[in-house]
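K.L.:
For the sequence shown, the numbering used here gives the first residue as 130, with consecutive numbering after it.
Before we start, here is the structure in question, set down as structure tokens.
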Amino acid sequence: MARRVLVTGGAGFIGSHIVEAYLAAGWEVTVLDDLSRGKASQVPAGVPLITTDIRSDLARATVASGGFDVLNHHAAQIDVRYSVEHPSGDADINIAGFVNVLEGAGKGGVRRVVFASSGGVVYGDPEVIPTGELAPKRPVSPYGVSKLAGEHYLRALGGLYGFEGVALRYANVCGPRQDPKSEAGVVSIFVSRLLADQPLKIFGDGKQTRDYVSVQDVARANVLASDAVLGDSEEHDARAFNIATGVERSVLELAEAVGRVTGRVPVLEMEAARPGEILRSALDRRKAAAVLGWRPEVSFDEGLVSLMEWFQSEG
Ligand SMILES: NC(=O)c1ccc[n+]([C@@H]2O[C@H](COP(=O)([O-])OP(=O)(O)OC[C@H]3O[C@@H](n4cnc5c(N)ncnc54)[C@H](O)[C@@H]3O)[C@@H](O)[C@H]2O)c1
């Protein structure tokens, strides 16, 4: 019998790719999403979509009664700036909403919960690059705190309710369906602006670095994390995995690469550095390779090409 998974946030950017990856691996998939940012059109035909908020009684009851083997949790408010302006609103969705569906997972006998955490925010401004899972966690933004709190609830409630929790700490995820209006999507912003012959804004000197991982690779990591054999350690980081390339790329290098792939010459507009912006970020991916058998397979340029083709197909 096919295994069953509920993907919260499955109508969104990353979640919709995860749904496709589970289907390709033979899973039976249900999506739960309030469509606040996601789109019903991004849910593949034939996949049931339950349109509700993760904070609702319906969401909890759905997880509790659906006979799911795995709860894959990607629904979240993802805007760091919103979390700074409305920390309680962020915590309400990202902590209380997550705990609500975890209660359902406990009642429903879910075997494993895969949680979308963020390596870009839980470590804060890291001292060692590429940053390993055991590095100190010093989130700066309320969004980072809510992701780290989610990891703690995952471990503690997993122990109480008997499910295995896996936290995937993503680097900067990029690829088709990423909203260029979203804060997280610098790659998507650059590609869409260059295709529209608009200048690229660079904050500060452009030497700040990020680790860009393709959404297709992230989706594959989720399927692997749903089945991988995990250790029994009670340590906080034992079941946390960086999902990243480990490669640092500066914003200037990104602008250059986007120019190369789109065949256009980027015009750069230099702006003042943004206060509080982390200068360097790249994550050590060796643990995901050793335990999940995951390695990134999509090259940076291939990822840019697939994003460009998606923008062109969207018109
Ligand atoms: N994009 C990145 O680079 C990145 C990096 C690290 C972690 N993440 C995490 O990955 C997950 C998916 O992010 P994304 O970039 O695909 O964003 P997204 O906004 O495209 O996806 C989030 C989905 O959750 C849904 N949603 C939001 N609030 C909800 C609520 N209260 N109830 C039900 N559904 C709700 C939205 O409609 C959307 O479909 C998030 O948990 C995010 O924090 C993303």
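C-beta: ideal position from N, C-alpha, C; glycine also.
All of these numbers come straight from a predicted model, not from anything done at the bench.
Thinking C-alpha only, which one of Arg368, Gln345, Arg424 is nearest Ile147?
P.N.:
Of the listed residues, the one whose Cα sits closest to Ile147 is Gln345.
K.L.:
List the residues that DSSP assigns as beta-bridge partners of Ile179.
P.N.:
Leu161.
K.L.:
Assign Gln441 to one of two classes, buried (16 or more other C-beta atoms within 10 Å of its C-beta) or exposed (fewer than that).
P.N.:
Exposed, because fewer than 16 other Cβ atoms sit within 10 Å of the Cβ of Gln441.
K.L.:
Would the C-beta of Ala225 count as close to ligand 1, meaning under 7 Å from any of its heavy atoms?
P.N.:
No, the beta carbon of Ala225 sits no closer than 7 Å to any heavy atom of ligand 1.
K.L.:
Under DSSP, the alpha helix (DSSP H) around Ser428 begins and ends at which residues?
P.N.:
Per DSSP, Ser428 belongs to no alpha helix (DSSP H) and is neither H nor E.
K.L.:
For the beta strand (DSSP E) that contains Thr137, what are its first and last residues?
P.N.:
Taken as a continuous stretch (DSSP letters only), the beta strand (DSSP E) holding Thr137 covers 133 to 137.
K.L.:
Below 8 Å CB to CB, which residues in the same chain sit around Ala300 once its five sequence neighbours on both sides are set aside?
P.N.:
Excluding sequence neighbours, Ala300 sits near Gly248, Gly249, Arg339, Asp340, Tyr341, Val342, Asn371, Ile372, Ala373, Thr374, Ser410, Ala411, Leu412.
K.L.:
Candidates Gly233, Phe332, Pro305: which alpha carbon is nearest Ile183's?
P.N.:
With distances taken between Cα atoms, Ile183 lies closest to Gly233.
K.L.:
Would you call the region 135 to 150 and the region 196 to 208 in contact, with 3 or more CB pairs under 8 Å?
P.N.:
Contact holds: three or more Cβ-Cβ distances are below 8 Å.
K.L.:
Can you tell me the Cβ-Cβ gap for Arg133 and Phe197, rounded? I've got them flagged as a contact below 8 Å.
P.N.:
Yes, Arg133 and Phe197 are in contact; Cβ-Cβ is about 5 Å, under 8 Å.
K.L.:
First and last residue of the alpha helix (DSSP H) that includes Val320?
P.N.:
Unbroken alpha helix (DSSP H) run through Val320: 315 to 324.
K.L.:
Determine the contact status of Phe142 and Gln327, defining contact as a CB-CB distance below 8 Å.
P.N.:
Cβ distance not < 8 Å, so Phe142 and Gln327 don't count as in contact.
K.L.:
Contact between the region 289 to 296 and the region 353 to 368: three or more CB pairs below 8 Å?
P.N.:
Yes, since at least three Cβ pairs between the region 289 to 296 and the region 353 to 368 fall closer than 8 Å, the two stretches touch.
K.L.:
Is Leu164 near ligand 1 - that is, is its Cβ less than 7 Å away from at least one heavy atom of it?
P.N.:
Flag set: Cβ of Leu164 near ligand 1.
K.L.:
Could you pull the DSSP bridge partners for Met399 from this structure?
P.N.:
Answer is Ile331.
K.L.:
When you compare only the Cα positions, how much space is there between Pro395 and Lys168?
P.N.:
Answer to the nearest angstrom: the Cα atoms are 31 Å apart.
K.L.:
What do you get for Thr181, buried or exposed, if any count of 16 or more other CB atoms within 10 angstroms of its CB means buried?
P.N.:
Label assigned to Thr181: buried.
K.L.:
In the DSSP assignment, find the beta strand (DSSP E) that holds Arg447 and state where it starts and stops.
P.N.:
An answer regarding residue 447 cannot be provided, because it is not within the stretch 130 to 444 covered by the chain.
K.L.:
Tell me the DSSP secondary structure of Ala205 in three-state form.
P.N.:
Of the three classes helix, strand and coil, the one that applies to Ala205 here is coil, per DSSP.
K.L.:
By DSSP, does Phe370 sit in helix, in strand, or in coil?
P.N.:
Strand.
K.L.:
Give a yes or no on whether the C-beta atoms belonging to Asn223 and Lys266 are separated by under 8 Å.
P.N.:
Result no, Cβ atoms of Asn223 and Lys266 do not sit closer than 8 Å.
K.L.:
Would you be able to state if there are at least three C-beta pairs under 8 Å between the region 316 to 330 and the region 378 to 397?
P.N.:
Contact between the region 378 to 397 and the region 316 to 330 is present, because at least three Cβ pairs lie under 8 Å.
K.L.:
Can you tell me which of Gly237, Asp361, Ala278, Val192 puts its alpha carbon nearest to the alpha carbon of Leu161?
P.N.:
Measuring from the Cα of Leu161, the nearest candidate turns out to be Val192.
K.L.:
Between Ser247 and ligand 1, is the CB less than 7 Å from at least one heavy atom?
P.N.:
Yes, ligand 1 has a heavy atom inside 7 Å of this Cβ.
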